[in-house]
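Which chain is which? The protein sequence lines are A and B, in order.
Using my numbering, the first residue of the first sequence is number 269, and each one after it goes up by one.
Using my numbering, the first residue of the second sequence is number 145, and each one after it goes up by one.
Remarks on the structure that follows.
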Amino acid sequence: MQKTPILSVQQMDMIFPDDNGGLHAVENISFEVCPQEFVCVVGPSGCGKSTLLRVLAGLLTPTQGKINFAGGTPRIGMVFQDSNLMPWRSVLKNITLPLELDGLDSAQAALKAQDLIDLVGLQSFEENLPRDLSGGMAHRVALARSLVHDPDILLLDEPFASLDALTRDRMGTELLRIWQARQKTVIMVTHSISEALFLADRVIVLTQRPGSLKLDMDVKLPRPRAEEMRYTSQFGEMAKKLKDAIE
Amino acid sequence: MDIHLVRKLKSSPRRATQFWTALLSLFLALAGWQLLIQFTDLPAFILPSPADVGTRFARALTDGSLLRHTSVTLGEVLLGLLTGSTLATVLGYLLAKSRLFEQLLAPYLVASQAVPVVAIAPLLVIWFGPGIFSKVLICALIVFFPVLVNTIVGVRAVPNALRDLMRSLRATRWQTLRYLEIPAALPVFLGGLRIGAALSVIGAVVGEFVGADRGLGFLINVGRGQYDTALVFVAIFALVALALVLYGVVAWLENYLLKWQAWRSQ
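See below:
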């Protein structure tokens, strides 16, 4: 049976006003996302991937088109390119921030946050400040913060772009594990084809700016996925198809 | 070993060195002063020796005049600092948030700084009398600008990425102020307050010079009129001590509130 989409984007345009009649970032994009689906958005640099995600997060208002979330205004969990931790708050307090904004008392918030700290493997770092963390650890905190308030949809904007290749792969595997544990709807922007294929159920490819939909491809790789899967011929064929679409 | 313990152990010898360096610097200054007296043979009403100033200090302390005048000036300074910094913080926040508001008010604010406080102090004393109110007002005026500018800079320097985070979490304006803008702007704001704290002493003294019958500024005027230069020095040192204490309190507040800044624990 077909699932009802949790998100529907219809003919979305985004134009940033400037002196030359406006910068057309995204053009006529339409797609749907089902509950618990993991969708990756890839495309050439500057094609409007992050703009699309910022519109979905409510940080930008689209110039045209409709964004519909099933059930009204959704709870958003967002992870940015940088971990975006508040340097004056401890690891625990950074994670409890969304709960504090929801008005939860600090004891309950700390209890909920502890679950996430366990999930991302940061036990015993609760009282540390962000300055004491490595890049990978900071991103784990950001991931925990994005999940702590049980969001309807998780938006990831190249969350591991600033990490080295090894940490990035490890974080990808971690993300997959966490996604499987929490079963959230995820939309992730990345420019790594390998990362997109390894993580996603579907990959959306955008064209050069103004970004429009070029390819919407199902990733028919079995789950759970292991690192070795990156080296299979099926993976390679899909990677080639995505690469051709991007170029 | 616990990271905080390591930092503490590392900072202890550094603190001791700082203390001894400060003490040595004070000793050298006093020795230089004494040598100047001996070599130039200046009379005490031009330049009293450190011993003369010490004796005068003891006398002013025992007869209660020093504490009485210091407490008057301190009261004016604290009230001026509180008034000036509160107004500057509120207005600074509004200016930081609204370009229109800034365009409307900025010319007047800049113009107000072009006129030295010394020039408008007599006017304020004429308007509001020689009592505490005019001194507090002068003090508040002098504190106002550095706190205002730093509040604007601090609020505008809040990282956009963190603003985006708050917006993605659907934070209200009040929540954004409380959870993001206040803590993020605090380092720059406290920098302004530190400058304001030191300047506030100048404000009070300027007011007391223009017209007062008490306070350290008044004491300086009395000392000058009676050729009691040692008393002038005593009052000046009391002012310096006041400014240092105020500066120190704000610096302590900074260290306490901004412990998260990495360089503070290095």
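Heads up, the beta-carbon is just placed ideally off N, CA and C, and yes, glycines get one too.
(message) Checking 8 Å against the spacing of the C-beta atoms, do L465 of chain A and L474 of chain A come in under that value?
(response) Stepping through the first sequence from its first residue, residue 465 of chain A is reached at position 197. Stepping through the first sequence from its first residue, residue 474 of chain A is reached at position 206. No, Cβ-Cβ distance for L465 of chain A and L474 of chain A is not below 8 Å.
(request) Measure the alpha-carbon distance for S529 of chain A versus K361 of chain A and round it to whole angstroms. (result) In the structure as shown, chain A starts at 269 and stops at 515, and residue 529 of chain A therefore has no counterpart that could be examined.
(message) Strictly under 8 Å for the Cβ-Cβ distance: is G326 of chain A near chain B by that measure?
(response) Within the first sequence, residue 326 of chain A is the residue found at index 58, counting from 1. Closer than 8 Å to some Cβ of chain B, the Cβ of G326 of chain A qualifies, so yes.
(request) Please confirm if the stretch 412-424 of chain A is in contact with the stretch 333-350 of chain A, defined as three or more CB-CB distances below 8 Å between the two stretches. (result) yes
(request) Would you kindly check if the distance between the Cβ of L337 of chain B and the Cβ of V291 of chain B is under 8 Å? (result) For the purposes of this step, residue 291 of chain B is taken as the residue at position 147 of the second sequence. For the purposes of this step, residue 337 of chain B is taken as the residue at position 193 of the second sequence. Yes, they are a contact pair.
(request) Using the Cα positions of N336 of chain A and S276 of chain A, report the straight-line distance between them to the nearest angstrom. (result) In the first sequence, residue 336 of chain A corresponds to position 68, counting from 1. In the first sequence, residue 276 of chain A corresponds to position 8, counting from 1. For N336 of chain A and S276 of chain A, the distance between alpha carbons rounds to 5 Å.
(request) Could you tell me whether the Cβ of L321 of chain B comes closer than 8 Å to any Cβ of chain A? (result) For the purposes of this step, residue 321 of chain B is identified with residue 177 of the second sequence, where counting begins at 1. L321 of chain B does not count as touching chain A.
(message) As a quick exercise: from B:A284, B:D207, B:V254 and B:V197, pick the residue whose alpha carbon is nearest that of L225 of chain B.
(response) Looking up residue 225 of chain B in the second sequence gives position 81. Considering only alpha carbons, the answer is B:A284.
(message) Quick check: the Cα distance between F189 of chain B and A175 of chain B, rounded to an integer number of angstroms?
(response) Sequence index remark: in the second sequence, residue 189 of chain B carries index 45 (1-based). Sequence index remark: in the second sequence, residue 175 of chain B carries index 31 (1-based). Going by the C-alpha atoms only, they are around 19 Å apart.
(message) Would you say A315 of chain B lies against chain A (beta-carbon separation less than 8 Å)?
(response) Translated into the one-based positions of the second sequence, residue 315 of chain B becomes position 171. Taking Cβ atoms only, chain A reaches closer than 8 Å to A315 of chain B, which makes this a yes.
(message) On the DSSP bridge list, what partners appear for M456 of chain A?
(response) Sequence index remark: in the first sequence, residue 456 of chain A carries index 188 (1-based). Paired residue(s): A:C308 and A:L424.
(message) Using only the alpha-carbon positions, how far apart do E463 of chain A and M485 of chain A sit?
(response) For the purposes of this step, residue 463 of chain A is taken as residue 195 along the first sequence, with counting starting at 1. For the purposes of this step, residue 485 of chain A is taken as residue 217 along the first sequence, with counting starting at 1. The alpha-carbon atoms of E463 of chain A and M485 of chain A are separated by roughly 15 Å.
(request) Report buried or exposed for I382 of chain B, applying the criterion of at least 16 other Cβ atoms within 10 angstroms of its Cβ. (result) Looking up residue 382 of chain B in the second sequence gives position 238. Per the sequence shown, the amino acid found at residue 382 of chain B is Ala instead of Ile. Buried is the call here.
(message) Which residues does DSSP list as the beta-bridge partners of G345 of chain A?
(response) Position 77 of the first sequence, counted from the first residue, corresponds to residue 345 of chain A. Residue pairing for G345 of chain A: DSSP places it in a beta bridge opposite A:L422.
(message) Going by beta-carbon coordinates alone, are T453 of chain A and V301 of chain A separated by less than 8 Å?
(response) By one-based count along the first sequence, residue 453 of chain A stands at place 185. By one-based count along the first sequence, residue 301 of chain A stands at place 33. Yes. Within cutoff.
(message) Could you tell me which whole alpha helix (DSSP H) segments of length 4 or greater appear in the stretch 216-258 of chain B?
(response) 243-258
(request) Run the CB neighbour count on Y237 of chain B, radius 10 Å, all protein chains shown included, and call it buried at 16 or more, exposed below. (result) Along the second sequence, read from residue 1 onward, the residue named residue 237 of chain B stands at position 93. The residue in question, Y237 of chain B, is buried, as its Cβ has 16 or more Cβ neighbours within 10 Å.
(request) Starting from H407 of chain A, trace the alpha helix (DSSP H) both ways and give me its first and last residue. (result) Within the first sequence, numbered from 1, the residue matching residue 407 of chain A stands at position 139. G403 to L415 is the span of the alpha helix (DSSP H), which, as asked, contains H407 of chain A.
(message) On the DSSP letters alone, give me the boundaries of the alpha helix (DSSP H) that F201 of chain B sits inside.
(response) The residue given as residue 201 of chain B occupies position 57 in the second sequence. Its alpha helix (DSSP H) spans residues P194 to T206.
(request) Indicate the three-state DSSP secondary structure (helix, strand or coil) for F393 of chain A in the structure shown. (result) Taking the first sequence and counting its residues from 1, one reaches residue 393 of chain A at position 125. Residue state, collapsed to three classes: coil.
(request) Could you name the residues of chain B that W531 of chain A contacts, counting a contact when the two beta carbons are closer than 9 Å? (result) Nothing about residue 531 of chain A can be reported from this structure: the residues present for chain A run from 269 to 515 only.
(message) Strictly under 8 Å for the Cβ-Cβ distance: is M346 of chain A near chain B by that measure?
(response) Taking the first residue of the first sequence as position 1, residue 346 of chain A is located at position 78. It does: the Cβ of M346 of chain A has a partner Cβ on chain B nearer than 8 Å.
(request) Taking C-beta pairs closer than 7 Å, name the residues in chain A that A305 of chain B reaches, listed in chain order. (result) Residue mapping note: residue 305 of chain B aligns to position 161 of the second sequence, counting from 1. F348, D350 and N352, listed in chain order.
(message) I'd like the ranges of any alpha helix (DSSP H) spanning at least 4 consecutive residues and lying wholly in the stretch 296-351 of chain B.
(response) 304-312 and 317-320
(message) Here's a check: name, in chain order, each residue in its chain whose Cβ is nearer than 7 Å to the Cβ of V261 of chain B, leaving out the five neighbours to either side.
(response) In the second sequence, the residue the question calls residue 261 of chain B occupies position 117. Excluding sequence neighbours, V261 of chain B sits near I282, L285, I286, G347 and V350.
(request) With 8 Å as the C-beta to C-beta threshold (strictly closer), list the residues of the stretch 361-376 of chain A near chain B in chain order. (result) L365, P366, E368 and L369
(request) Determine the DSSP secondary structure at R470 of chain A, reduced to helix, strand or coil. (result) Working through the first sequence from its first residue, we reach residue 470 of chain A at position 202. Strand, per DSSP.
(message) Taking 7 Å as the limit between beta carbons, can you name the residues of its chain near I514 of chain A, skipping five residues before and five after?
(response) As a position in the first sequence, residue 514 of chain A is number 246, starting the count at 1. Once the five neighbours on either side are set aside, the close Cβ partners of I514 of chain A are V310, G311, P312 and V473.
(request) For the stretch 376-400 of chain A, enumerate the residues whose C-beta is nearer than 9 Å to any C-beta of chain B, in chain order. (result) Cβ contacts with chain B come from N396, L397, P398, R399 and D400.
(message) Is it buried or exposed, L379 of chain A, if we count other Cβ atoms within 10 angstroms and call 16 or more buried?
(response) Taking the first sequence and counting its residues from 1, one reaches residue 379 of chain A at position 111. Exposed: under 16 other Cβ atoms inside 10 Å.
(message) Rounding to the nearest angstrom, what Cα-Cα distance links L291 of chain A and S318 of chain A in this structure?
(response) To locate residue 291 of chain A, count along the first sequence from 1; it is residue 23. To locate residue 318 of chain A, count along the first sequence from 1; it is residue 50. Between L291 of chain A and S318 of chain A, the alpha-carbon positions lie close to 15 Å from each other.
(request) Please classify L186 of chain B: does DSSP put it in a helix, a strand, or coil? (result) Looking up residue 186 of chain B in the second sequence gives position 42. Residue state, collapsed to three classes: coil.
(message) Which of the three DSSP states is assigned to V294 of chain A in this structure?
(response) For the purposes of this step, residue 294 of chain A is taken as the residue at position 26 of the first sequence. In this structure, V294 of chain A counts as strand in the three-state DSSP scheme.
(message) Taking a contact to mean a Cβ-Cβ separation below 8 Å, would you say L321 of chain A touches I455 of chain A in this structure?
(response) By one-based count along the first sequence, residue 321 of chain A stands at place 53. By one-based count along the first sequence, residue 455 of chain A stands at place 187. Yes, these two residues count as a Cβ contact at 8 Å.
(message) Could you check whether V376 of chain B and I364 of chain B sit closer than 8 Å to each other, using their CB atoms as the reference points?
(response) Along the second sequence, one-based indexing puts residue 364 of chain B at 220. Along the second sequence, one-based indexing puts residue 376 of chain B at 232. In contact: I364 of chain B and V376 of chain B (Cβ atoms closer than 8 Å).
(message) Judging by CA-CA distance, which residue of B:R311, B:L191 and B:A195 is the nearest neighbour of G326 of chain A?
(response) Counted from its first residue, the first sequence places residue 326 of chain A at position 58. Closest option to G326 of chain A, Cα to Cα, is B:R311.
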